[in-house]
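Novice: Numbering (my numbering), first residue to last: 1015 to 1498.
Think of the CB as a built atom: it goes at the ideal place given N, C-alpha and C, for glycine as much as any other residue.
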Ligand code: ADP
Ligand code: GLC
């Protein structure tokens, strides 16, 4: 029997250990789905405190010695909690063992040594790829996620004997990993890479370009986003680079972890339910209204948002729409963290509309589940959205998504079939779409229920996306040596 395809996933965050957004959910759920499809999958992660604490039975693989400004760097191999998948952890106390988040300190300032932190992640992934770091396991494919992992593709290209192929997934082109030109020397690469056809980007050093220029294949997290980023409007200055690789770019819509997000077995919700037994959803609604101090109004369209609070997410559109939505009889509950101005505005909206608008300015995973389960509608009014996961969680929970026609939102929600889709990025268009939802719920309850069930019936799991990644990986391996 031929050996299984060996795939190394490289990323900065993974649910439930470290999470700032959907990337962590993907990095947690895609690898086990690839394993179920027959791949031999491992991850490599930076040794952030929560990762060192959470990974099970870690053993020492390699003393790397001083590099990237860290005196002591070693490679460990352990197992992911839950899935048991093998995971390499880079232990570099000077670079990774600190409080705050993976990219920023607790006050939201970028770590000043992110270049070294994520340069090391890419470099060590490339050493695993070359067979140098752990000769016992040499991957066929290195799959790097977002700019944090992108340097793996360049370091692999720089080490010609490496047989492994690289795949680079753009989760969000707006975050590029830009560094001052002169920090270039810290990467230990030849200056021939620091040119516009390489990593140089308008006088700066771009980690995003390290993936876009040197990966064997590029993927985005939805086909529509793959088209959008080839245009100046969504290309963040890199649309020309994307167009230059048009034949190597592929969009694959994310799946969701259907065990973590399962209304029939969710510990975080007031009452479990499924598509054959929807009664529990009503109890989830009442629990949500009580918990969030919203009136127990059964007529109101209960609209929720779970989101990072940034310009991307269109929260300002929602805020502008709020007085109208309240006048239209709706209730709105938002959970998020981010921009201080948006947080303040949400708090004000809550004070202005007691019992009708509620805000929770914090990050709380169980509360997110309860919010999704208890609502009629989950709104995602994003200005751009590479894929978006909360609309998928909505579909799974019979919570109808109302989304802007953008990126993966347009690929995953069908207007009038599984949700409501609006075009213009303004408060009026959002309000109109929410009123279409409210009207269907109150005047066509059978059609509304059909819409809910259409979402709940969908296969949103990672099974199909994982099969597409497997096809992509296999196509990269020379025919005579394709493992199973
Ligand atoms: P992005 O990655 O751009 O933030 P996604 O929709 O892909 O957007 O993923 C966001 C993820 O983060 C989802 O799992 C969502 O539930 C979660 N999330 C965002 N904000 C919060 C919050 N305040 N509390 C709990 N979960 C949150
Ligand atoms: C990014 C995108 C989001 C996507 C997530 C996971 O954070 O903003 O749209 O769902 O990555 O791929």
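Checking 8 angstroms against the spacing of the C-beta atoms, do residue 1059 and residue 1084 come in under that value?
Specialist: Mapped onto the chain shown, residue 1059 falls at position 45. Mapped onto the chain shown, residue 1084 falls at position 70. Not in contact: residue 1059 and residue 1084 (Cβ atoms no closer than 8 angstroms).
Novice: Out of 1111, 1204, 1175 and 1222, state which residue places its alpha-carbon closest to the alpha-carbon of residue 1165.
Specialist: Position 151 of the chain shown, counting from 1, holds the residue named residue 1165. Closest by alpha carbon: 1222.
Novice: Give me whichever residues DSSP pairs with residue 1124 in a beta bridge.
Specialist: Taking the first residue of the chain shown as position 1, residue 1124 is located at position 110. The partner list for residue 1124 (beta bridge, DSSP) reads 1118.
Novice: Using a threshold of 8 angstroms, state whether the C-beta atoms of residue 1179 and residue 1155 are closer than that.
Specialist: Working through the chain shown from its first residue, we reach residue 1179 at position 165. Working through the chain shown from its first residue, we reach residue 1155 at position 141. Closer than 8 angstroms, so yes.
Novice: Does the stretch 1365-1378 come into contact with the stretch 1342-1352, if we say contact requires no fewer than three beta-carbon pairs (one atom in each stretch) closer than 8 angstroms?
Specialist: yes
Novice: Please go through the same chain and pick out, in chain order, the residues whose beta-carbon is closer than 7 angstroms to the beta-carbon of residue 1323, but skip the five residues on each side of it.
Specialist: Against the chain shown, residue 1323 aligns to sequence position 309. Correct list, in chain order: 1329, 1350, 1351, 1352, 1353, 1356 and 1357.
Novice: Which partner residues does residue 1337 have in the DSSP bridge list?
Specialist: Here the question's residue 1337 lines up with position 323 in the chain shown. Paired residues: none, contrary to the question.
Novice: Are the CB atoms of residue 1099 and residue 1149 within a distance shorter than 8 angstroms?
Specialist: The count along the chain shown starts at 1 and reaches residue 1149 at position 135. The count along the chain shown starts at 1 and reaches residue 1099 at position 85. No; because the gap between Cβ atoms is not below 8 angstroms, this pair is not in contact.
Novice: Check each residue's C-beta against every heavy atom of ligand 2 and list, in chain order, those closer than 7 angstroms.
Specialist: 1035, 1036, 1037, 1039, 1040, 1185, 1186, 1235, 1268, 1326, 1399, 1400, 1401, 1402, 1403, 1421 and 1422
Novice: With a floor of 3 residues, list each beta strand (DSSP E) that falls wholly inside the stretch 1441-1468, ordered by position along the chain.
Specialist: none
Novice: Per the DSSP calculation, residue 1074 is bridged to which residue(s)?
Specialist: On the chain shown, residue 1074 is found 60 positions in, with the first residue counted as 1. Paired residue(s): 1090.
Novice: Ignore the nearest five residues each way along the sequence and tell me which others in residue 1144's own chain have a CB closer than 6 angstroms to its CB.
Specialist: Here residue 1144 corresponds to residue number 130 of the chain shown, with the count starting at 1. Annotation for residue 1144: 1173 and 1176 place their beta carbon closer than 6 angstroms to its own, counting only its chain and skipping 5 residues before and after.
Novice: Which whole-angstrom value is the C-beta distance of residue 1407 and residue 1386, which I expect to be below 8 angstroms?
Specialist: Walking along the chain shown from the start, residue 1407 turns up at place 393. Walking along the chain shown from the start, residue 1386 turns up at place 372. Confirmed, about 5 angstroms.
Novice: Can you check whether the CB of residue 1433 is closer than 8 angstroms to the CB of residue 1399?
Specialist: As a first step, residue 1399 is located in the chain shown; it is residue number 385 there, counting from the start. As a first step, residue 1433 is located in the chain shown; it is residue number 419 there, counting from the start. Not closer than 8 angstroms, so no.
Novice: Is it right to say residue 1418 is buried, meaning 16 or more other beta carbons lie within 10 angstroms of its own, or is it exposed?
Specialist: What you label residue 1418 is simply residue 404 of the chain shown in a count that begins at 1. So residue 1418 counts as buried.
Novice: Could you tell me whether any non-hydrogen atom of ligand 1 is closer than 7 angstroms to the CB of residue 1408?
Specialist: Taking the first residue of the chain shown as position 1, residue 1408 is located at position 394. No.
Novice: Identify the residues that DSSP records as bridge partners of residue 1081: which are they?
Specialist: As a first step, residue 1081 is located in the chain shown; it is residue number 67 there, counting from the start. DSSP, once it has assigned bridges, lists 1084 as partnering residue 1081.
Novice: Using a Cβ-Cβ cut-off of 6 angstroms (strictly less than) and excluding sequence neighbours within five positions of residue 1289, which residues of its own chain qualify?
Specialist: Counted from its first residue, the chain shown places residue 1289 at position 275. Taken in chain order, the residues that qualify are 1467 and 1470.
Novice: Measuring alpha carbon to alpha carbon, tell me which of 1037, 1481, 1061 and 1297 ends up nearest residue 1000.
Specialist: This structure cannot speak to residue 1000, because the chain is shown only from 1015 to 1498.
Novice: Cα separation between residue 1093 and residue 1125?
Specialist: Position 79 of the chain shown, counted from the start, is the residue given in the question as residue 1093. Position 111 of the chain shown, counted from the start, is the residue given in the question as residue 1125. Roughly 28 angstroms separates the two Cα atoms.
Novice: So within the stretch 1134-1202, which uninterrupted alpha helix (DSSP H) runs reach at least 4 residues, ignoring any that extend past its ends?
Specialist: 1160-1172
Novice: Which ranges does the alpha helix (DSSP H) cover as unbroken runs of at least 4 residues, wholly within the stretch 1280-1344, from first to last along the chain?
Specialist: 1293-1305 and 1329-1341
Novice: Is the beta carbon of residue 1301 less than 8 angstroms from the beta carbon of residue 1284?
Specialist: Taking the chain shown and counting its residues from 1, one reaches residue 1301 at position 287. Taking the chain shown and counting its residues from 1, one reaches residue 1284 at position 270. Closer than 8 angstroms, so yes.
Novice: State the Cα-Cα distance for the pair residue 1103 and residue 1097, rounded to the nearest angstrom.
Specialist: Along the chain shown, one-based indexing puts residue 1103 at 89. Along the chain shown, one-based indexing puts residue 1097 at 83. Taking the straight line from one Cα to the other gives about 16 angstroms.
Novice: By alpha-carbon positions, which one of 1187, 1389 and 1249 ends up nearest to residue 1306?
Specialist: Here residue 1306 corresponds to residue number 292 of the chain shown, with the count starting at 1. Taking only the C-alpha atoms, the option nearest residue 1306 is 1389.
Novice: Would you mind working out which of 1051, 1032, 1458 and 1026 sits nearest residue 1484, comparing C-alpha positions?
Specialist: Start at 1 with the first residue of the chain shown, and residue 1484 comes out as number 470. Closest option to residue 1484, Cα to Cα, is 1051.
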